[in-house]
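Engineer: Numbering (our numbering), first residue to last: 621 to 1021.
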Amino acid sequence: MSFSLEEQIESLKESCLKMKDLMESLSNSINNFKTFDQSFIDTKKGWNEDDKWIETMFDRADELFLKRQVIVRYVLELMNIIKLIQGGLKHVYDSTQISQEMERWYNYLIYRIEKMEITKHENRVAQIDKERQDEISKIRNKHKNEEMNIENSLKELEEKKKQITYKEKEVEGEKEIDIEDIEKQIELVNIKYQNMIDSATEINKKNIQEITSKKRGNKRMCFANERIKPFKNILCEWSQKKDIQLIYDSLTEEIVQNKVSKLEQLVIGKKNLFFIIFDGDENIFGGYIDKTIDKLDYCIHSDTMFVFVLYSNGRFSDPTRFKCNGNQKFVMFSCKNEWLFTFGYSVHWPEKSDIAVMKSGTKKKSYCGANGFEYCEAKNALCGNYNFVVEQMLVFEAISE
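1) Are there three or more Cβ pairs, one per stretch, closer than 8 Å when the region 862 to 869 is compared with the region 955 to 964?
2) Can you tell me which residues form a DSSP beta bridge with Ser922?
3) Have a look at Gly992, Ser980 and His711 and flag the residue whose alpha-carbon is nearest the alpha-carbon of Glu971.
4) For Gln885, report the span of its alpha helix (DSSP H) as first-last.
5) So Lys780 is in the beta strand (DSSP E); what residue range does that whole segment cover?
6) For the alpha helix (DSSP H) containing Glu857, name the first residue and the last one.
7) Since Lys943 is in the beta strand (DSSP E), which residue starts that stretch and which ends it?
8) The beta strand (DSSP E) that contains Glu1011, what's its start and end?
9) Hey, could you find the ends of the beta strand (DSSP E) Asp863 is sitting in?
10) Spatial neighbours of Lys640 within its chain, please: CB distance less than 7 Å, with the 5 preceding and 5 following residues excluded, ordered by chain position.
11) Classify Asn1007 as buried or exposed, calling it buried when 16 or more other Cβ atoms lie within 10 Å of its own Cβ.
12) Taking Thr962 as part of the beta strand (DSSP E), name the residues at either end of that continuous run.
13) By Cβ distance, which residues of its chain are closer than 8 Å to Lys861, with the 5 residues on each side in sequence left out?
14) Please classify Leu808: does DSSP put it in a helix, a strand, or coil?
15) Roughly how many angstroms lie between the CA atoms of Asp801 and Met768, to the nearest whole one?
16) Give a yes or no on whether the C-beta atoms belonging to Val977 and Leu960 are separated by under 7 Å.
17) Looking at chain D, is there any beta carbon in it that lies within less than 7 Å of the beta carbon of Phe961?
18) Check the DSSP bridge columns for Met978 and list the partner residues they point to.
19) In whole angstroms, what separates the C-alpha of Lys915 from that of Gly964?
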């Protein structure tokens, strides 16, 4: 079911109002939690051997845990609302005409949403950590006061040591017991708050990663098609096909040696492929292989493949292609090799390949050897230099329909 832009915006408004109500409920629950937590601490007026006090404290601890669960439920509901808002924003974005100005606003909106989520998470963790430190400080201060009282008692007992020696030993024993109990309380507080921090961190990291991955994936697809849009007609003309479709964008992964890449898996069994390179000097160039890529590390011979330049920084006025100088070779390499692919591959002189793209992390740089195609005496026709740095690489499949 599709919705109009106005309906999508109204849905976003309703989600925002619901988010506001949830925020108020969450704030009230947190305040209630703090109040109850403080009363839980203040309940203990002094150490007592009465078992009923201990049972009461466990009951209040259970109730405190239930209140914490309410806060967690509100937080999860709030995150779901944020997901709905983000999904709505994506629908609104997809419903409008894509332009450079809207692209900038779209990127800014993604940035603000991510920053809002991260900031909210950091503030919550900082608040929990502060509450933990405050509670530990209170316990330690209380312990210091009790220790001072014990020391004062010891001084009085020393004056009557001859008469009440057994009392002094008894007080010393109580002091050791109190210190042990205080340390146990501090340890329990640390465990409780660390669990809260770990839980909040895990939930927010997972949510932010899902949002970022989805938004950036859509952005990259639009960005790749927009970059190649001015040259789509000439690419269709050169390949004698009706359309081209994107099958790979290098921004989605880093291709390194000895690790199988998505590109290797996507091109096997395909033909009529454009390999388009955007380099660090703003050149746009590449090669076209019309034969089927049956396997890796294998020379594919063709006398109809060609290399081309779409934007040359002034070396050519228009997009230009360069045909084979006889029968040439294309090789798509496997993960074990340092090369990714080559056009005009030479077994005896690989450094003379017309286009050779190297994988990340290798010591060699990508290069253009200008050896097997007709460049009409143009020097460094493809990228203006022998070496180049790949900024982005796109692979398009030319199709008949």
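Just so you know, even glycine gets a beta-carbon here, dropped at the ideal spot from N, CA and C.
Structural biologist: By the coordinates alone:
1) Taking 8 Å as the limit for Cβ pairs, the verdict is that the region 955 to 964 does not touch the region 862 to 869.
2) Taking the first residue of the sequence shown as position 1, residue 922 is located at position 302. Answer is Gln948, bridged to Ser922.
3) In the sequence shown, counting from the first residue as 1, residue 971 sits at position 351. With distances taken between Cα atoms, Glu971 lies closest to Gly992.
4) Translated into positions along the sequence shown, residue 885 becomes position 265. Looking at the DSSP string, the run of the alpha helix (DSSP H) that includes Gln885 is Lys882 to Val887.
5) Locating residue 780 in the sequence shown gives position 160, counting from the first residue. That residue, Lys780, is in no beta strand (DSSP E); it is neither H nor E in DSSP.
6) The sequence position of residue 857 within the sequence shown is 237, counting from 1. Counting along the chain, the unbroken alpha helix (DSSP H) around Glu857 starts and ends at Lys852 to Ser859.
7) Here residue 943 is taken as the residue at index 323 of the sequence shown, counted from 1. Per DSSP, Lys943 belongs to the beta strand (DSSP E) from Thr940 to Lys943.
8) Locating residue 1011 in the sequence shown gives position 391, counting from the first residue. Secondary structure note for Glu1011: its beta strand (DSSP E) is the uninterrupted segment Val1010 to Ile1019.
9) Locating residue 863 in the sequence shown gives position 243, counting from the first residue. Boundaries of the beta strand (DSSP E) harbouring Asp863: Asp863 to Asp869, taken from the DSSP string.
10) Locating residue 640 in the sequence shown gives position 20, where the first residue counts as 1. If we look at Lys640 and ignore the five residues flanking it on each side, it has no Cβ neighbours.
11) For the purposes of this step, residue 1007 is taken as the residue at position 387 of the sequence shown. Burial call: exposed.
12) Taking the sequence shown and counting its residues from 1, one reaches residue 962 at position 342. Where Thr962 is concerned, the enclosing beta strand (DSSP E) stretches over Trp959 to Phe963.
13) Within the sequence shown, numbered from 1, the residue matching residue 861 stands at position 241. So the qualifying residues of the chain are Asn892, Ala1018, Ile1019 and Ser1020.
14) To locate residue 808, count along the sequence shown from 1; it is residue 188. In the structure shown, Leu808 falls within a helical segment according to DSSP collapsed to helix, strand and coil.
15) Along the sequence shown, read from residue 1 onward, the residue named residue 801 stands at position 181. Along the sequence shown, read from residue 1 onward, the residue named residue 768 stands at position 148. Distance between Asp801 and Met768, taken at the CA atoms: about 17 Å.
16) As a first step, residue 977 must be located in the sequence shown, where it is residue number 357. As a first step, residue 960 must be located in the sequence shown, where it is residue number 340. For Val977 and Leu960, yes; Cβs fall inside 7 Å.
17) The chain inventory of the structure shown lacks chain D, comprising one protein chain alone.
18) Taking the first residue of the sequence shown as 1, we reach residue 978 at position 358. Per DSSP, the beta-bridge partners of Met978 are Trp959.
19) In the sequence shown, the residue the question calls residue 915 occupies position 295. In the sequence shown, the residue the question calls residue 964 occupies position 344. Going by the C-alpha atoms only, they are around 17 Å apart.
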